[in-house]
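For what it's worth, the working numbering labels the leading residue of the sequence shown as 80, then goes sequentially.
Ideal Cβ positions, reconstructed from N, Cα and C, are used throughout, including at glycine.
Structure record follows, encoded as structure tokens.
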Amino acid sequence: MGNIVAPNTTNIQTASQFLKQGELVGIPTETVYGLAADANQPQSIKRVFDVKKRPSKHPLIVHIYTTEQLNQWASNIPSSAFDLAQAYWPGPLTMILPKHPQVSSLVTGNQPTIALRLPNQPITQSILAYHDLAVVAPSANLHCQISPTQAQHLAPIQQQLAMIIDGGQCSIGVESTIIDLTQTPAAVLRLGAISAHDLSQTLDQKVNNQAQQSSKPTPGNLKHHYAPQTPALLMSAEALHNFIQQQSRTDTLAIMSWSQKPCNFQGLWFQMPNQDVEYARCLYNTLHQADQYSIDAIIIQKPYQQQGLWPTIQDRLYKACSNNTTS
Ligand code: TXA
Ligand code: MG
80 MGNIVAPNTT NIQTASQFLK QGELVGIPTE TVYGLAADAN QPQSIKRVFD
130 VKKRPSKHPL IVHIYTTEQL NQWASNIPSS AFDLAQAYWP GPLTMILPKH
180 PQVSSLVTGN QPTIALRLPN QPITQSILAY HDLAVVAPSA NLHCQISPTQ
230 AQHLAPIQQQ LAMIIDGGQC SIGVESTIID LTQTPAAVLR LGAISAHDLS
280 QTLDQKVNNQ AQQSSKPTPG NLKHHYAPQT PALLMSAEAL HNFIQQQSRT
330 DTLAIMSWSQ KPCNFQGLWF QMPNQDVEYA RCLYNTLHQA DQYSIDAIII
380 QKPYQQQGLW PTIQDRLYKA CSNNTTS
């Protein structure tokens, strides 16, 4: 079983060596923790699907540590990709490009395209650079569960990993924005910290937002995804208030709200940050925390704001509550 270890030089080199030997390693990124395997080793990639219990047709993101590696993984790269790399890499942006003919179809789920990202996390950059690696790195959670934003969240898959590098709390806390540059106009397939508007400004071109209606096999767009084990419900402030008043007991509830805990409330109360960046950073942590208790439901006050990271936060909340959304 892989220990959770500090990101010192020895451990970084050992992690790189493990990857080179075909082992799986838990790595920190600025978005969420990844389940990394050498993207050049088909056996290791197959193990990633097994460990995550992820359907094999769902493509993986290849993580690189320098923009020069783009040419090894993609072909016919449009100039827009280099413009976006210049503006946002290293950072929370994944680009979909035509795949290089030599890339294993295991990585891309048999699609002619490939997803590439250069994460803004110096520890992970060092792990990749030490043995000149590129790694597939899906979020290090079991398929359809909450993404990990702290090393301890990798516990459900820890047995199958050679090592987990502890990079602390992920600074962004939600998965990268995915932009498909093989379509014209380019399209955002998954919302993240970088908005379609930002991307459109950088490219000086229209960028569609297909994050909700993508027909491609993107597991991030499955209806029930990022979900805690405990049923989660999204409610307006008023509905939440009324719901609590109607309960005969409240000690079996967890609440994520902007309001202060009412004095007669007996359950778990998480007062959420007002600011979008801070909310995103603690969102999955809070869901992980609430999910540790044996409670009946997690009730989340619904955000309505449309600026900044709020649409991304709403997207993840809808997915976490996809079976149970009310007013
Ligand atoms: O922030 C992130 O992107 C994290 C960290 C670890 O880097 N990784 C991550 O990977 O979220 P994963 O596997 O959980 O999600 C990858 C997403 C999926 O929705 C997948 O369908 C999409 O990327 N994807 C990968 N290759 C694709 C392709 N060729 N075309 C369309 N979507 C693709
Ligand atoms: Mg994921």
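Residue environment, residue i, which counts as buried when at least 16 other CB atoms sit within 10 Å
i, result
"Ala234", "exposed"
"Lys398", "buried"
"Met335", "buried"
"Asn199", "buried"
"Ser294", "Only weak support is given to the placement of Ser294: the predicted model assigns it a pLDDT of 42, under 50, and the question is left unresolved by the model."
"Phe161", "exposed"
"Ala119", "With the sequence shown as reference, residue 119 is identified as Asn, and Ala is not the correct amino acid for it. Buried, since its Cβ has 16 or more Cβ neighbours within 10 Å."
"Ala272", "buried"
"Ile392", "buried"
"Trp168", "buried"
"Tyr372", "exposed"
"Gln148", "buried"
"Cys342", "exposed"
"Leu278", "buried"
Closest by C-alpha distance to residue i, when choosing among the options
i, options, result
"Gly246", "Pro201, Ala275, Met314", "Pro201"
"Ile243", "Ile257, Lys131, Gln231, Lys178", "Gln231"
"Ala166", "Leu282, Gln339, His137, His276", "Leu282"
"Leu312", "Cys400, Gln325, Gln239", "Cys400"
"Lys340", "Leu332, Gln350, Lys131", "Gln350"
"Ile206", "Lys132, Thr89, Leu278", "Thr89"
"Ala376", "Leu396, Ala369, Asn353, Pro310", "Pro310"
7 Å Cβ shell around residue i - same chain, five flanking residues per side excluded
i, result
"Ala219", "Gly105, Tyr112, Gly113, Leu114, Pro227, Leu233, Ile236"
"Ala290", "Val267, Leu268, Arg269, Leu270, Asp394"
"Thr329", "Ile323, Phe344, Gln345, Gly346"
"Trp389", "Asp355, Pro382"
"Met80", "Gln237, Gln238"
"Phe97", "Val104, Ala241, Met242"
Other residues of its chain near residue i: CB distance less than 6 Å, five sequence neighbours each side excluded
i, result
"Asp129", "none"
"Asn364", "Thr228"
"Ser154", "Pro177, His179"
"Ala359", "Gly252, Val253, Leu388, Ile392"
"Leu366", "Ile225, Pro307"
"Ile257", "Thr173, Leu268, Arg269"
Counterpart residues of residue i in DSSP-defined beta bridges
i, result
"Ala265", "Val286"
"Val356", "Looking at the DSSP assignment, Val356 forms no beta bridge with any residue, so it has no partner."
"Ile143", "Answer by DSSP bridge pairing: none, since Ile143 is not bridged."
"Met335", "Phe349, Ile379"
"Asn82", "Met242"
"Pro341", "Answer is none; Pro341 lacks a bridge partner."
"Ser218", "Gly113"
"Ile106", "Gly113"
"Ala194", "Ile140, Ile175"
Cβ distance (whole Å) where residue i is taken to contact residue j below 8 Å
i, j, result
"Ala94", "Val215", "Contact doesn't hold; Cβ gap of about 15 Å is too wide."
"Ile140", "Thr173", "5 Å"
"Thr187", "Pro217", "No, Thr187 and Pro217 are not in contact; Cβ-Cβ is about 13 Å, not under 8 Å."
"Ile143", "Leu185", "With 8 Å as the limit, Ile143 and Leu185 do not qualify as a contact, their Cβ atoms being about 18 Å apart."
Chain-order list of residues whose beta-carbon lies under 8 Å from that of residue i (same chain, five-residue window excluded)
i, result
"Ala126", "For the sequence presented, residue 126 should be read as Arg rather than Ala. So the qualifying residues of the chain are Leu103, Ala116, Gln239."
"Asn287", "Gln262, Pro264, Ala265, Ala266, Val267, Ala275"
"Gln92", "Tyr209"
"Gln284", "Ser159, Pro264, Ala265"
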